[in-house]
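If you're matching positions, the sequence shown starts at 3 in my numbering and goes up one per residue.
From the three backbone atoms N, C-alpha and C, an ideal C-beta is built for every residue, glycine too.
Fair warning: this is a prediction, and the values are worked out from it, not measured in the lab.
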Amino acid sequence: MTEHWCKEHEKAFEKHTKGDKIWYSHKTESGQWCNEPKQEEEKKEEKPKQGSQMSREDWAEKDNVTRKSIERQTSLNAAIELGKILGPDKVSTEKILATAKVFEAYLEGKEVVKSKLVDEVKKITEVKEG
């Protein structure tokens with residue numbers, strides 16, 4: 003088979019040129035012209051594989067959103083657990099949410115925040131002891 007082959011009519015396409023345009027076609031038995039689809043059209047006709055419609059950038063953004071969501075959930079859970087240890091009478095909802103934000107920043111790898119996290123935990127644990 004040649005590179006330009008019509009599967010429908012089982013016949014080779016002939017090369018045609020006009021100026022700088024090039025196309026491939028052949029005559030059918032009925033005398034009609036059958037044009038070779040352009041590569042873009044062929045790709046559209048092929049069914050995409052599952053998941054292949056997303057670009058790398060799309061996947062990266064999806065992964066980033068998922069990672070961020072997991073970090074937020076983990077941060078809130080850590081702050082809630084810390085609040086449970088201290089008891090509801092010692093820690094307010096606002097303090098838990100503030101601590102969760104500090105945990106979240108810590109999970110994002112922000113170096114400046116790591117010392118703030120330790121300070122925040124110390125402040126909360128001092129409330130329990132005092």
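Fill in: In DSSP terms, what Lys17 is bridged to
Tyr26
Practice prompt. Output yes or no for whether 8 Å exceeds the beta carbon distance between Trp7 and Ala14.
Written response: yes
Worksheet item: Within this structure, are the beta carbons of Ser27 and Glu12 separated by less than 8 Å?
Response: no
Practice prompt. Just confirm the distance between the C-beta atoms of Leu109 and Thr68, as a whole number of angstroms; I'd bet it's less than 8 Å.
Written response: 14 Å between Cβ atoms; not a contact.
Worksheet item: Is Glu106 closer than 8 Å to Glu63 when the C-beta atoms are compared?
Response: no
Worksheet entry | Enclosing alpha helix (DSSP H) for Gly133 [first to last residue] | Given a span of 3 to 132 for the chain in the structure shown, any question on residue 133 remains unanswerable.
Discussion item. Within the continuous alpha helix (DSSP H) that includes Val104, where are the two ends?
Written reply: 95 to 109
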